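**Student:**
Structure, rendered in structure tokens:
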């Protein structure tokens with residue numbers, strides 16, 4: 353058995369079931385091993401940003417890592433932006449990056465580059481395996497590293513000769529470390545602080561945003577009146593009727609300041625105190641009021657759910673949480689199609705237990721608010737601010753959850769970054785409905801241009817934010833990659849197209865010109 | 353005047369005339385300054401791989417740097433693969449990478465990352481400017497660094513507050529260092545070695561591949577019988593009738609070994625001795641024969657043309673070079689359309705002084721050989737092995753040379769990586785004819801899979817190299833981005849479509865299913 357096969361067998365034994373890849377010559381032994389080992393589904397992306405973004409979507413939904421397989425430094429480079437987003441989401445991912453044979457690196461062939469240097473900024477764990485006899489163990493370590501709480505990116509560099517040389521076979525999985533339970537002291541301190549607070553706020557993130565954590569948070573709210581909040585851009589949030597509702601912090605710093613005015617206690621559970629997304633002249637970066645006490649209940653790497661439940665119990669909170677969302681569906685909209693009408697339609701027609709992959713940017717407000725009363729669903733967001741994540745994220749989520757409908761709400765500017773994801777959706781017949789909000793601009797930048805104090809923008813500046821010359825035709829783009837697509841002209845047409853897309857199985861794209 | 357404006361003014365004064373960009377919030381002051389300063393053309397790409405690849409194409413043809421403007425670490429990350437290719441081409445590029453305000457970095461906002469770490473593997477020069485008062489000087493240093501022989505990538509990181517704070521205005525350009533003239537000793541030694549060699553080979557690269565360097569190389573060949581050779585994947589080569597012809601090294605290591613068998617002297621002029629592109633089990637990485645002497649005439653950072661001319665004079669070479677290519681055009685092909693027929697058509701119809709951007713991969717042999725007798729043109733290749741360079745490279749070359757026709761020959765697999773380049777070509781009405789060789793596979797990998805010794809590839813392995821499920825429709829993809837496109841079915845139809853595309857002004861795409 354060669355090193356590559358020992359690695360694939362070890363990954364499978366460690367619970368890695370999917371490999372998103374765009375391989376090259378140096379990865380051919382790994383690719384060949386995929387046929388000799390059962391249990392690893394191999395999914396091709398036509399660009400590495402698709403591969404890494406899909407691994408993020410998979411990891412968020414599966415709660416365990418997919419593997420990527422990338423072609424040397426440039427292949428990793430192409431995947432770097434969505435690895436950045438995944439890093440900010442604490443998603444477990446195992447990158448396998450091919451490298452020249454150990455003895456070949458010295459010759460500085462055209463594809464030679466500093467792979468460790470490229471990997472380091474996005475990886476919590478990086479290792480270049482020195483021998484075919486160490487590859488399996490390193491693979492096992494990589495999976496354990498990826499699962500290190502709260503989840504991180506582990507990058508294993510695989511020189512070609514360590515893949516093709518003989519080895520001693522696979523190794524057994526290494527058990528991942530469980531997240532530590534928050535200390536009794538921090539639970540007691542949080543309870544005491546909340547009882548004494550005039551206006552307490554409980555900020556929850558990570559694993560705390562699923563049903564159990566939210567229920568405990570709702571019980572804490574019922575006992576203390578604490579307001580529940582999460583960050584503006586969360587990794588994964590369970591939402592909908594019967595689930596405890598948690599508000600998001602606003603995007604703009606001054607709105608966060610307004611939200612937190614008068615808050616004298618911030619209890620954090622897996623979350624970091626809010627900071628501004630960008631700096632703006634004369635505006636604060638640190639957004640917690642100066643006279644607000646901060647009490648950490650659970651660090652991001654701790655067991656947030658256990659912390660929340662312990663706190664609820666410590667407070668003697670009632671069994672019934674406060675703030676449970678009521679069932680509500682808006683009427684189907686009529687008339688002009690707009691971001692608002694689309695939000696309305698999506699909220700009205702969202703199927704039960706759907707997954708929303710949300711990179712709707714400036715067009716997403718209505719869908720975000722209105723969907724809160726639908727049957728429960730999972731909501732995934734752009735965590736690292738690097739646009740071009742939504743289509744790959746939807747792709748990976750659909751692979752992780754083949755029985756659930758994925759609805760991808762996406763701005764046109766961001767969608768162009770990793771548009772190749774549509775081809776993978778077609779190839780794998782993934783159950784994703786993509787809605788493109790075609791406002792034909794980087795709309796957020798028109799706002800930001802003013803907010804940063806760039807005075808009197810001229811035609812050159814404005815043209816750098818404008819996507820209307822020429823207009824993108826999303827129907828042709830999608831069809832060119834094998835995805836059925838349409839462009840409804842009215843709200844009624846959108847209702848029909850979206851309902852049909854939800855009912856059908858397989859990828860569909862709907863372009864809405866707004 | 354703010355720092356951003358001082359930087360733009362300094363760049364323009366230093367000869368930087370074009371900024372390829374995909375900006376975000378942290379770059380808005382730079383964008384706004386573009387309207388206040390004359391002389392900087394600003395070109396939007398919908399993905400950063402387009403931006404950096406275009407800067408490479410521009411730099412190769414203009415002989416001076418374009419600027420890029422990229423959005424923090426992830427924006428740079430998206431551009432990394434084509435910066436890798438540019439680094440291998442020694443192309444001068446000035447990257448301007450936005451960063452959070454200096455005081456904001458500590459808060460680790462979502463877009464925060466280690467930008468210096470991401471930049472270092474592809475950059476010869478990296479600096480983060482600490483103040484609005486240093487930005488202009490740093491911009492001037494960046495341009496000089498980019499022009500440092502033989503050309504390199506300079507990355508200037510621009511924190512948002514250094515862009516928006518007041519400064520002392522622009523600074524004067526710093527004169528770039530000229531490439532040093534090769535020493536008399538190395539010229540004399542090369543002449544002596546060539547006179548004594550049984551079979552001498554002169555390997556030329558970099559600036560030596562333009563008309564003057566090739567002429568001197570041809571004179572050396574006339575005087576000594578030395579064989580002229582260049583690397584497999586060169587940055588820019590002048591070719592065609594009346595130009596001294598220089599052979600390329602073959603791609604596969606064993607073919608290089610065959611080519612160099614019996615060569616007892618290798619003289620290098622701006623080139624490095626050949627090495628294998630990849631390592632293969634049991635095959636050599638270092639390809640120069642063991643008993644072949646190596647004599648360096650000029651290092652890559654030296655004045656290669658001066659070295660070649662000095663060597664020709666030292667040898668008392670005749671004024672007329674050997675190996676001048678004769679004018680020849682093939683007949684227009686008829687019958688089935690194929691990679692061969694397309695090569696034939698392109699060679700027959702290539703306009704004078706065209707620029708070929710060549711990422712034709714396994715489909716390019718015929719066009720490469722047959723075009724050698726056309727009117728002189730420049731031939732650009734994929735230098736770093738990271739596919740997805742050809743469309744952006746063509747885009748940048750067309751910006752640098754608006755009066756020349758650019759012909760982009762591209763495999764379908766690589767073209768999908770940076771397909772967004774077509775939109776920029778449409779927006780800027782760039783004079784590029786793109787030919788897509790749609791073999792619907794990563795064809796080279798089918799060959800490499802065997803060559804690396806991966807035995808009995810199964811259906812999973814083969815499906816990772818296959819792009820036929822679903823087929824890409826390049827006509828729809830191009831039209832979806834505003835580029836006229838067609839899919840000729842016969843050689844005659846291709847002749848007609850290509851001739852019409854060459855005659856017209858503006859971008860066209862022709863898909864050839866092979």
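Protein chains in written order, with the numbering used here: chain A, 353 to 866; chain B, 353 to 866. C-beta: ideal position from N, C-alpha, C; glycine also. In this text the structure is predicted, and so the values were computed from the model without any measurement.
Which bits of chain B does residue 585 of chain A rub up against, with CB to CB less than 8 Å?
**Tutor:** By Cβ distance, chain B contributes 462.
**Student:** Determine, using beta carbons only, whether residue 431 of chain B and residue 422 of chain B come nearer to each other than 8 Å.
**Tutor:** It is a contact, given that the beta carbons lie within the stated cut-off.
**Student:** I'd like the span of the alpha helix (DSSP H) that includes residue 427 of chain A, first residue to last.
**Tutor:** Residue 427 of chain A -> alpha helix (DSSP H) spans 424-430.
**Student:** Is any beta-carbon of chain B found at less than 8 Å from that of residue 440 of chain A?
**Tutor:** By this cut-off, residue 440 of chain A is an interface position.
**Student:** Have a look at A:775, A:481 and A:754 and flag the residue whose alpha-carbon is nearest the alpha-carbon of residue 705 of chain A.
**Tutor:** For the residues A:775, A:481 and A:754, the minimum Cα distance to residue 705 of chain A belongs to A:754.
**Student:** Take every Cβ of the segment 557-565 of chain B, pair it with every Cβ of the segment 649-661 of chain B, and state whether three or more of those distances are shorter than 8 Å.
**Tutor:** The segment 557-565 of chain B vs the segment 649-661 of chain B: in contact.
**Student:** Compute the distance between the beta-carbons of residue 702 of chain A and residue 677 of chain A, then report whether it is under 8 Å.
**Tutor:** Against a cut-off of 8 Å, the Cβ pair of residue 677 of chain A and residue 702 of chain A comes out as no contact.
**Student:** Once you ignore the five residues that flank residue 679 of chain B on each side, which residues in its own chain have a CB closer than 7 Å to its CB?
**Tutor:** Excluding positions up to five away in sequence, the list reads 593 and 725.
**Student:** Counting only beta-carbon separations shorter than 8 Å, does residue 828 of chain A have a partner in chain B?
**Tutor:** Yes, contact with chain B.
**Student:** For residue 671 of chain B, count neighbouring C-beta atoms within 10 Å of its own C-beta (all shown protein chains included) and say buried if the count is 16 or more, exposed if not.
**Tutor:** Label assigned to residue 671 of chain B: exposed.
**Student:** Answer yes or no: do residue 583 of chain A and residue 626 of chain A have a C-beta to C-beta separation smaller than 8 Å?
**Tutor:** Closer than 8 Å, so yes.
**Student:** Which residues of chain A have a Cβ atom closer than 8 Å to the Cβ of residue 720 of chain B, listed in chain order?
**Tutor:** Those within 8 Å of residue 720 of chain B in chain A number zero; the least Cβ separation is about 18 Å.
**Student:** For a cutoff of 8 Å on Cβ pairs, would you count residue 627 of chain B as touching chain A?
**Tutor:** Residue 627 of chain B counts as touching chain A.
**Student:** Based on the DSSP secondary-structure assignment, which residues constitute the bridge partners of residue 464 of chain A?
**Tutor:** Its beta-bridge partners do not exist; DSSP assigns none.
**Student:** My guess is that residue 383 of chain B and residue 375 of chain B are in contact by the Cβ rule of under 8 Å, so how many angstroms apart are they, rounded?
**Tutor:** Rounded, the Cβ-Cβ distance is 5 Å, consistent with contact.
**Student:** If you measure from the beta carbon of residue 788 of chain A to each beta carbon in chain B, is any gap under 8 Å?
**Tutor:** By this cut-off, residue 788 of chain A is not an interface position.
**Student:** Are there 16 or more other CB atoms within 10 angstroms of the CB of residue 717 of chain A, so buried, or fewer, so exposed?
**Tutor:** It is exposed - the Cβ of residue 717 of chain A has fewer than 16 other Cβ atoms within 10 Å.
**Student:** Please report whether the beta-carbon of residue 716 of chain B lies at a distance below 8 Å from any beta-carbon of chain A.
**Tutor:** It does not; no Cβ of chain A falls within 8 Å.
**Student:** Go ahead and pull the three-state DSSP assignment for residue 511 of chain B.
**Tutor:** Looking at residue 511 of chain B - three-state DSSP - the assignment turns out to be strand.
**Student:** Keeping to the same chain, check which residues put their C-beta closer than 8 Å to that of residue 820 of chain A; ignore five residues upstream and five downstream.
**Tutor:** Contacts found: 792 and 793.
**Student:** Mind pulling the chain B residues with CB within less than 9 Å of residue 604 of chain A?
**Tutor:** Within chain B, no residue comes near residue 604 of chain A; the closest Cβ sits about 11 Å away, beyond 9 Å.
**Student:** Leaving out five residues on either side along the sequence, give the residues of the same chain with a beta carbon under 7 Å from the beta carbon of residue 696 of chain B.
**Tutor:** The answer, listed in chain order, is 682, 685, 718 and 722.
**Student:** Closer than 8 Å, Cβ to any Cβ of chain B: which residues of the segment 363-384 of chain A, in chain order?
**Tutor:** If the cut-off is 8 Å between Cβ atoms, the segment 363-384 of chain A has 373, 375, 376, 377, 378, 380, 381, 383 and 384 near chain B.
**Student:** Starting from the Cα of residue 380 of chain A, find the closest Cα among A:391, A:360 and A:365 and give me that residue.
**Tutor:** Selected option, being the one with the closest Cα: A:360.
**Student:** Rounded to whole angstroms, how far is the Cβ of residue 767 of chain B from the Cβ of residue 834 of chain B, which I believe are closer than 8 Å?
**Tutor:** Between residue 834 of chain B and residue 767 of chain B the Cβ distance is about 16 Å, and since that is not below 8 Å, they are no contact.
**Student:** Could you run through the segment 511-535 of chain B and flag, in chain order, every residue whose CB is less than 8 Å away from some CB of chain A?
**Tutor:** Within the segment 511-535 of chain B, the qualifying residues are 512, 513 and 516.
**Student:** Since residue 824 of chain A meets chain B, which of its residues come closer than 9 Å, beta carbon to beta carbon?
**Tutor:** Those are 398, 775, 832, 833 and 834, listed as they occur along chain B.
**Student:** Quick one: Cα of residue 551 of chain A to Cα of residue 585 of chain A, how far?
**Tutor:** Cα-Cα distance, rounded: 24 Å.
**Student:** Please tell me whether residue 780 of chain A and residue 395 of chain A are closer than 8 Å, where the distance is taken between their beta carbons.
**Tutor:** Closer than 8 Å, so yes.
**Student:** With DSSP run on the structure shown, which of helix, strand or coil describes residue 479 of chain B?
**Tutor:** Of the three classes helix, strand and coil, the one that applies to residue 479 of chain B here is strand, per DSSP.
**Student:** Would you mind stating whether residue 864 of chain B and residue 689 of chain B have Cβ atoms separated by less than 8 Å?
**Tutor:** For residue 864 of chain B and residue 689 of chain B, yes; Cβs fall inside 8 Å.
**Student:** Output the distance between the C-alpha atoms of residue 386 of chain A and residue 823 of chain B, rounded to the nearest integer angstrom.
**Tutor:** Computed Cα separation, rounded: 24 Å.
**Student:** Going along the segment 464-479 of chain B in order, which residues come within less than 7 Å of chain A, judged by CB to CB distance?
**Tutor:** Answer in chain order: 465, 466, 469, 470, 472 and 473.
**Student:** Could you tell me the distance, in whole angstroms, from the CA atom of residue 531 of chain B to the CA atom of residue 660 of chain B?
**Tutor:** So the two alpha carbons sit approximately 14 Å from each other.
**Student:** Tell me which residue opens and which closes the beta strand (DSSP E) that residue 450 of chain B is part of.
**Tutor:** It spans 445-451 - the beta strand (DSSP E) in which residue 450 of chain B sits, taken as one unbroken run.
**Student:** Measure the C-alpha to C-alpha separation of residue 356 of chain B and residue 609 of chain A and round it to an integer number of angstroms.
**Tutor:** Cα to Cα, the separation comes out at about 29 Å.
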